[in-house]
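Numbering (the working numbering), first residue to last: 783 to 1415.
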């Protein structure tokens, strides 16, 4: 029996609907367009694919209100201009086989219709052979007007009021400054891959970047500063089916964050854990746990050996043979570093970054600051030092073995396994020395040359400094071992963190101010962090991309201000969005940087003061990164 041509509808039929194009485009926009930087990426890549050699970009309110990209590329015919606004309309594919030899930045045909569906978009374009151009205006993905226009050769696309039709998405955008910073980071990655293209960026009427076309070395200098080429080593490696060029950083260009690692495959900026691991492995043990190297690597690969169609944003690629590509990158970096014995390289030549003295006395209050002769009064830390200046270089100063990763907020207050025994010993130390501690603070400093095994039961507990690194302290229950760096780190952390929360950090003036130069990305970040630096005790002035440091927190001794500020920016960059209290990361970074180092001799007075300060802390048993400070024998 034949089935009826129009069978009766099943129960529940009519629940599945065909979505209209307007909703489809908004869904697609959610995959491709996350923020203004995403729009900028798609528009700039379209311009580069059109053969542009000069791009001008204009932003307002970090790109939330206005984004404009103008290029001198090939332009489009009136027919192509209208067709490019339809989904999956592209000039880069004719058949599926073209994906295997794809050499352009874009190919999916989703970007423009996705952007148009969540904004007010205007497109102007003209080819060289056309007497006039075409202007198309859209709102919420619908074409509102098509008209001829007089315009220069090339294309200009303007995006207004991003996410105006999806207020929930717009609500999740961050501050104008932060969105602008994302745009700058994105533009930097695109510009590094195309030094032959000139880029100009204007934000809120002010020119932020102007990078004329040049060669690779010129673009590196334009973005990272005149001194950057001297801190890099060239990479040039060939093997069957692969060519790797670029630069890797010398040991003194280690970073504290993953912001300055650049990978490109066939001109496309990508992220790859496999290739990152290959670079890190080449540096071996020269990297501390919280350090990452600078690298700028370009891989030219047979397109048939990788898949770029993994995600709409095309940030990730799949390699045909991951082991082969990992090995190739690893060998390329090892070859570049072969001029130095990288695995035996002295990370701290000449003791750079090791402070010859410590200050463990509590910061003076504003009323004590003016009292002459006060033992707690901060003194000038840079006598006879001439005025200096420098470019802000992250991780370049005092790379000590005590630096550790700050990857887990819970590590801040993780106690060691034997914390009960340690706590009992510490309480006994405190109980036996309470009266003497008061006398010690009131008495003049003792002779640093006396025996360290002499003492009494009232605060003069015997102690010994071993290898200028560990303190052996006798308590009623036996002996405890104290890591002097971790102890001082804990003391400084609690003081700095408290000062930041109470907004009452005290300062010590520098005899000669220090001038730091910031690029635009760090400048935007610095403006966010500046109030916290003031709370910490820094004294700073900022003008036209330069920062003048005139004072540092009173507890920080001879810490290098430039390295300290760089570490603070890196910690804030990493943890500002992932931690409820990024001040913890910043305070921990400052404390680790400024604390006394392993191998530094201390006088009896300094040891006693350090012990008293440590056992006055709320959490004396671990450093801010979770390592034990006190171990009970």
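Ideal Cβ placement from N, Cα and C applies to all residues, glycine included.
Exercise. In terms of alpha-carbon separation, which member of 866, 1061 and 913 lies closest to residue 896?
Worked result: 866
Exercise. With distances taken from CA atoms, which of 1309, 818 and 902 is nearest residue 1323?
Worked result: 1309
Exercise. With residue 755 and residue 911 assumed to form a contact (beta carbons below 8 Å), what rounded beta-carbon distance in angstroms separates them?
Worked result: Given a span of 783 to 1415 for the chain in the structure shown, any question on residue 755 remains unanswerable.
Exercise. What does a CB cutoff of less than 6 Å around residue 1056 pick up in its chain, not counting 5 residues either side in sequence?
Worked result: 1104 and 1108
Exercise. Which residues in the same chain as residue 1389 place their Cβ atom closer than 7 Å to its Cβ, once the five residues preceding and following it in sequence are excluded?
Worked result: 1245, 1247 and 1253
Exercise. Can residue 992 and residue 976 be called in contact, C-beta distance under 8 Å?
Worked result: no
Exercise. Looking only at its own chain, which residues have a Cβ that is under 7 Å from the Cβ of residue 815, when we skip the five neighbours before and after it?
Worked result: 821, 896, 897 and 900
Problem set entry | Counted within 10 angstroms of its Cβ, other Cβ atoms place residue 925 as buried (16 or more) or exposed | exposed
Exercise. How is the beta strand (DSSP E) around residue 1082 delimited, first residue to last?
Worked result: 1077 to 1083
Exercise. With 16 as the cutoff for other CB atoms within 10 Å, does residue 1250 come out buried or exposed?
Worked result: exposed
For this session: Find out if the Cβ-Cβ distance for the pair residue 961, residue 1041 is shorter than 8 Å.
Result: no
Exercise. Applying the criterion that 16 or more other CB atoms from any shown protein chain within 10 Å of the CB defines a buried residue, is residue 851 buried or exposed?
Worked result: buried
Problem set entry | Three-way DSSP call (helix, strand, coil) for residue 930 in this model | strand
Exercise. For residue 1262, does the three-state DSSP call read helix, strand or coil?
Worked result: strand
For this session: Would you mind sorting residue 1192 into buried or exposed? The rule is 16 or more other CB atoms within 10 Å of its CB.
Result: Only weak support exists for where residue 1192 lies, its pLDDT of 35 falling under 50; the coordinates are left without a value.
Exercise. Residue 917: buried (16+ other C-beta within 10 angstroms of its C-beta) or exposed?
Worked result: buried
Exercise. Do three or more CB pairs link the segment 1311 to 1323 to the segment 1281 to 1288 at distances below 8 Å?
Worked result: yes
For this session: Label residue 1162 either buried or exposed according to how many other C-beta atoms from any shown protein chain fall within 10 Å of its C-beta, with 16 as the threshold for buried.
Result: Unreliable positioning characterises residue 1162 in this predicted model, as indicated by a pLDDT of 37, which lies under 50. The coordinate reading is nonetheless provided below. Burial call: exposed.
Exercise. Taking only runs of the beta strand (DSSP E) that begin and end inside the segment 812 to 860, which ones reach a length of at least 3 residues, in chain order?
Worked result: 836 to 842 and 848 to 853
For this session: Under 8 Å by Cβ, that's how I've got residue 1023 and residue 1083 pegged, so tell me the actual separation to the nearest angstrom.
Result: 7 Å
Exercise. So what's residue 748 in DSSP terms, helix, strand or just coil?
Worked result: This structure gives no information on residue 748, because the portion of the chain shown stretches from 783 to 1415.
Exercise. When DSSP labels each residue in this structure, what does residue 978 get in the three-state scheme?
Worked result: coil
Exercise. Skipping 5 residues on each side, what residues in its chain have a beta carbon closer than 8 Å to that of residue 1399?
Worked result: 1272, 1273 and 1276
Exercise. Got a sec? Which residues, its chain only, sit under 6 Å from residue 990 by beta carbon, not counting five neighbours each side?
Worked result: 983 and 1302
Exercise. What is the rounded straight-line gap between the Cα of residue 994 and the Cα of residue 830?
Worked result: 15 Å
For this session: To the nearest angstrom, report how far apart residue 1325 and residue 1304 are at their CA atoms.
Result: 14 Å
For this session: Take the Cβ of residue 1382 as the centre, count every other Cβ of all protein chains shown within 10 Å, and call the residue buried at 16 or more, exposed below.
Result: buried
Problem set entry | Proximity winner among 1036, 1353, 1331 and 986, relative to residue 1010 (alpha-carbon distances) | 1036
Exercise. Secondary structure at residue 1316, three-state DSSP: helix, strand or coil?
Worked result: helix
Problem set entry | Where residue 1270 falls: helix, strand or coil (DSSP) | helix
For this session: Spatial neighbours of residue 863 within its chain, please: CB distance less than 7 Å, with the 5 preceding and 5 following residues excluded, ordered by chain position.
Result: 905, 907, 916 and 918
Exercise. Is it buried or exposed for residue 1016, if we count other Cβ within 10 angstroms and need 16 for buried?
Worked result: exposed
Exercise. What first and last residue would you give for the alpha helix (DSSP H) that runs through residue 1051?
Worked result: Where residue 1051 is concerned, there is no enclosing alpha helix (DSSP H), although the beta strand (DSSP E) it sits in stretches over 1050 to 1052.
Exercise. In the DSSP assignment, what residue or residues form a beta bridge with residue 936?
Worked result: 908
Problem set entry | Closest Cα partner of residue 1261 within the set 1414, 1043 and 1013 | 1414
Exercise. What are the residues that DSSP puts in a beta bridge with residue 1073?
Worked result: Answer is none; residue 1073 lacks a bridge partner.
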